[in-house]
Amino acid sequence: MNMKTKRLYTLLLFVVGMVFIILSVFLKAYSSQLIGIGGGLLGVAIGRSISLYRYRKDPEYAKEAEIALHDERNLFLQDRALAIAGKMLMLIIGIVTLIATFVNRTLMMAGAMAICLYLVLYLITYFILSKKY
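0 is the number of the first residue of the sequence shown in numbering that gives the first Met the number 0; add one for each residue after it.
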C-alpha cells in the first residue's frame, strides 16, 4: 500500500471517529457506545498519523520498518501467533458455551454458532490453500 493510500485510510478513520462522536450528542441512548467507538477510531487515526509523519521525515526509520514488515521470520511468527491465538479463542468460546448451557441459552447458541462459523471458515480456507499450494 502506498503512502497516499495510507494517508487516505487514516483520514477516513479520523472522519468516521468524528462522525461517531457527533452522533453521540444526538443519540443519547447510545452516547457512551458512540463516544467509545469514536474515541477509539480517533486514537488509531492519531497513532497512524504520527507513524506516517515519522515515515516521511525519517528515511532510516522507514527503511527499517519496511524490512521488518517483509522479514520472513516476522511473517512466520505472525502466522504462528495467529494460529495459536485462534485455537485458544476457540477453546475459550467452547468452555463459555458449555457453561452458558446451564446459565443462558442465548449465549450458548451464540457461542455454538461462533464455533460453527469458525470451523466453516477454517475448512474453506484450508480448501483454498490446499489448491493454491
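Glycine included, each C-beta is placed from N, C-alpha and C at the ideal position.
Beta-carbon spacing of residue i, residue j below 8 Å
i   : j    : result
G15 : L40  : As written in the sequence, residue 15 is Val, which differs from the Gly given in the question. It is a contact, given that the beta carbons lie within the stated cut-off.
T9  : A64  : no
S48 : I34  : no
G46 : F19  : no
I92 : I123 : no
Distance between residue j and residue i (C-alpha atoms, nearest Å)
i    : j    : result
A84  : S129 : 22 Å
M112 : R79  : 25 Å
F126 : F13  : 38 Å
I66  : Y121 : 30 Å
A109 : K62  : 45 Å
L74  : L68  : 8 Å
I21  : L97  : 41 Å
K3   : R72  : 28 Å
L118 : L88  : 12 Å
S135 : K131 : Any question about residue 135 goes unanswered here, given that the chain covers just 0 to 132.
Length-filtered (4 minimum) alpha helix (DSSP H) runs lying within the stretch 95-119: none
Complete runs of the alpha helix (DSSP H) confined to the stretch 23-64 [at least 4 residues]: 30-56
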